[in-house]
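Below is one structure, written out as structure tokens; comments come after it.
Residue numbers (this note's numbering), protein chains in the order written: chain A, 719 to 912; chain B, 121 to 314.
Quick look at the structure:
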């Protein structure tokens with residue numbers, strides 16, 4: 719399979735102190751790592767593409783490590799995660815699906831034994847397209863306080879023959895979470911759901 | 121702390137390849153953005169000195185954040201810029217009060233210098249408004265390779281009673297600069313211009 723060619727990388731960190739309510743003693747932090755790569759399958763229908771997932775594994779690990787560094791260097795602070803991709807106009811949605819395995823397993827590997835499925839979203843778009851990357855708790859998908867999302871995007875990507883890949887990690891619940899449901903303190907940790 | 125800060129976002133962009141050419145070392149730039157309460161929202165106030173003091177405070181805080189995100193010594197910063205976006209219940213003059221009277225001195229103190237004007241932009245806008253932060257060489261405003269800008273946006277800001285304040289720094293000029301003009305090795309450094 720073709721080599722992974724990275725045009726640019728981008729890191730965003732948000733530190734949220736409040737949203738009109740009481741100031742949190744520990745601010746919520748969200749971080750996103752983006753990489754803009756050349757889409758080796760742009761412009762034509764290519765039947766066999768799945769081998770590219772293996773090629774993306776080192777990039778996934780590099781981005782997952784960069785997120786932990788952006789959040790202070792300790793993987794233990796990470797409580798939520800998500801992933802996404804925006805495929806440039808000369809590609810197809812299926813090219814974005816190539817990111818599920820290398821993106822998701824990279825984060826689970828870096829975070830130790832994260833049990834929950836990594837929430838994800840993807841679309842075909844143009845430079846400047848925004849993507850709302852969904853976020854759920856890393857060990858139990860039903861933890862309601864950790865349902866969140868982070869908007870990402872770049873003014874100049876993806877060009878039509880590119881794919882924008884995204885990984886997101888967060889350090890806690892929404893800053894004023896108060897709509898009930900399963901709490902992080904109640905996680906059983908058996909099935910990745912509850 | 122004079123400013124009431126709701127959130128701080130930092131962004132790092134690293135360009136490794138442009139038009140098939142490897143950028144070595146990659147060009148890198150970072151921005152830090154604070155979302156603060158506008159103490160003068162919804163009313164005309166003649167004396168804007170509180171915002172000037174907030175500008176002074178944010179000049180230091182945001183420069184420290186942006187330089188830390190870039191991971192370089194402050195003295196290695198090559199270009200800089202600043203910008204503000206005022207929510208719908210404020211005036212453009214509120215952005216001016218933050219940016220112009222007092223914000224620059226602490227920026228230069230953190231960087232250990234900066235003879236050139238800090239280029240700036242400002243606007244009023246709604247949530248998710250895009251700020252294009254102009255960039256210029258910190259020692260000589262005429263260095264053409266460093267005329268640039270960095271786009272930032274925060275999807276949930278500025279709310280009507282808020283102001284977004286941004287400082288950007290770089291370790292480099294444009295990725296493939298080749299339109300002539302004053303080069304950085306030709307800086308005389310006497311007047312902040314050449």
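Just so it is clear, CB atoms sit at the ideal spot from N, CA and C, and this is done for glycine as well.
Min CB distance residue i to chain B below 8 Å
| i | result |
| --- | --- |
| residue 726(A) | yes |
| residue 736(A) | yes |
| residue 729(A) | yes |
| residue 884(A) | no |
With 16 other Cβ atoms within 10 Å as the buried cut-off, status of residue i
| i | result |
| --- | --- |
| residue 257(B) | buried |
| residue 133(B) | buried |
| residue 311(B) | exposed |
| residue 908(A) | exposed |
| residue 214(B) | buried |
| residue 822(A) | buried |
| residue 923(A) | The shown model of chain A, from 719 to 912, leaves out residue 923(A), and the question about it has no answer. |
| residue 844(A) | exposed |
Three-state secondary structure assigned by DSSP to residue i
| i | result |
| --- | --- |
| residue 869(A) | strand |
| residue 770(A) | helix |
| residue 763(A) | coil |
| residue 220(B) | coil |
| residue 136(B) | strand |
| residue 294(B) | coil |
| residue 848(A) | coil |
| residue 853(A) | strand |
| residue 124(B) | coil |
is_contact[residue i, chain A] using C-beta, thresh 8 Å
| i | result |
| --- | --- |
| residue 249(B) | no |
| residue 315(B) | What is shown of chain B runs 121 to 314, which leaves residue 315(B) out entirely. |
| residue 294(B) | no |
| residue 126(B) | yes |
Pairwise C-alpha distance: residue j and residue i
| i | j | result |
| --- | --- | --- |
| residue 203(B) | residue 833(A) | 42 Å |
| residue 868(A) | residue 746(A) | 12 Å |
| residue 930(A) | residue 748(A) | No answer is possible for residue 930(A): the residues shown for chain A start at 719 and end at 912. |
| residue 199(B) | residue 151(B) | 12 Å |
| residue 727(A) | residue 164(B) | 43 Å |
| residue 160(B) | residue 253(B) | 24 Å |
| residue 911(A) | residue 740(A) | 30 Å |
| residue 136(B) | residue 168(B) | 43 Å |
Cβ-Cβ distance between residue i and residue j below 8 Å
| i | j | result |
| --- | --- | --- |
| residue 179(B) | residue 222(B) | yes |
| residue 251(B) | residue 266(B) | no |
| residue 805(A) | residue 813(A) | yes |
| residue 729(A) | residue 797(A) | no |
| residue 885(A) | residue 785(A) | yes |
| residue 284(B) | residue 155(B) | yes |
| residue 64(B) | residue 238(B) | No answer is possible for residue 64(B): it lies beyond the span of chain B, which begins at 121 and ends at 314. |
Residue-chain proximity (residue i, chain C), Cβ-Cβ < 8 Å
| i | result |
| --- | --- |
| residue 808(A) | No chain C appears in this structure, whose protein chains are A and B. |
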